[in-house]
Amino acid sequence: MLVFNSFLKKYGSTTILDIPSFLLEDGLYWLKAENGAGKSTLLQSVSGILPFDGSVLLDDIDLHKNKTFQRKAINYAEAEPKFPSFLTGKELIDFFNETKKGDLKASMDLAKSLQIDHALPQKISTYSSGMLKKLSLILVFIGNPKWIFLDEPLITLDVEAVQTIIEKIEAFFAKGTSFIITSHQTFSINIPIQNLTIENKTIIRN
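Numbering-wise (the UniProt record's numbering), the sequence shown opens with residue 1 and increments by one.
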């Protein structure tokens, strides 16, 4: 469960998000809103990339006060991922599996399914945007997160890769992981989807 209390995100004097109180039970959520409404900002804030005022509790633990728990409990894949260019894809996958106590074989199997395994020995600086997207999707399914945030996960993916990611979402959901997904593309999944949007700088249920 995610609980927002007096959540406020500003850039300078401009308020992007102002969420007085909101509760998200465990589940799968599709977050839809206009471009610039704050979808990515919300996910980046809760996952620990951006600072914010107020509090977000995950299972009664304040994410502001427990960054180690936050990094373990929430995995996030950006819409336009960026990684250290001097590393290889395999080095980054190894690092994530070590720090998150993941399953390296599962990561390599996913890389093969996404047809990116051949590129893993190469420096990330040589990767196309599509390869970076696939790498980010491998990394986001490492460990045993309580929540996974997927920001436009289906962009640049072909039909087979989309189906692979859908199956991965279903498998993690079955193990107890909850999801917030932003996507302008429709998708079919065997999980009940709850719809959210951002209006007037706050989250509401559709």
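Ideal placement from N, C-alpha and C gives every residue a C-beta, glycine not left out.
Only a predicted model underlies this, so the values are computations on that prediction, with no experimental measurement involved.
Local Cβ density within 10 Å of residue i, reported as buried at 16 or more and exposed below that
{"i": "residue 53", "result": "exposed"}
{"i": "residue 159", "result": "exposed"}
{"i": "residue 86", "result": "exposed"}
{"i": "residue 186", "result": "exposed"}
{"i": "residue 133", "result": "buried"}
{"i": "residue 84", "result": "exposed"}
{"i": "residue 68", "result": "exposed"}
Short Cβ contact (8 angstroms threshold) for residue i with residue j
{"i": "residue 75", "j": "residue 148", "result": "yes"}
{"i": "residue 19", "j": "residue 182", "result": "no"}
{"i": "residue 135", "j": "residue 89", "result": "yes"}
{"i": "residue 168", "j": "residue 110", "result": "yes"}
{"i": "residue 198", "j": "residue 38", "result": "yes"}
{"i": "residue 150", "j": "residue 179", "result": "yes"}
{"i": "residue 17", "j": "residue 23", "result": "no"}
{"i": "residue 212", "j": "residue 131", "result": "Since the displayed the chain opens at 1 and closes at 206, residue 212 lies outside it and no answer follows."}
{"i": "residue 120", "j": "residue 58", "result": "no"}
Where residue i sits in the DSSP three-state scheme
{"i": "residue 88", "result": "strand"}
{"i": "residue 186", "result": "coil"}
{"i": "residue 156", "result": "coil"}
{"i": "residue 194", "result": "strand"}
{"i": "residue 72", "result": "helix"}
{"i": "residue 32", "result": "strand"}
{"i": "residue 124", "result": "helix"}
{"i": "residue 199", "result": "strand"}
{"i": "residue 22", "result": "strand"}
{"i": "residue 17", "result": "strand"}
{"i": "residue 115", "result": "coil"}
DSSP bridge partner residues for residue i (one or two, in chain order)
{"i": "residue 149", "result": "76, 180"}
{"i": "residue 58", "result": "2, 61"}
{"i": "residue 168", "result": "DSSP, once it has assigned bridges, lists no residue as partnering residue 168."}
{"i": "residue 53", "result": "8"}
{"i": "residue 204", "result": "197"}
Interface flag, residue i vs chain C, CB-CB below 8 angstroms
{"i": "residue 122", "result": "No chain C is part of this structure, which consists of one protein chain only."}
Decide yes or no for the touch test of the region 191-203 against the region 12-30: beta carbon pairs closer than 8 angstroms, at least 3 of them. Here the region 191-203 makes contact with the region 12-30; the two share three or more CB pairs at distances below 8 angstroms.
Touch check for the region 126-144 and the region 92-106: three-plus C-beta pairs under 8 angstroms? yes
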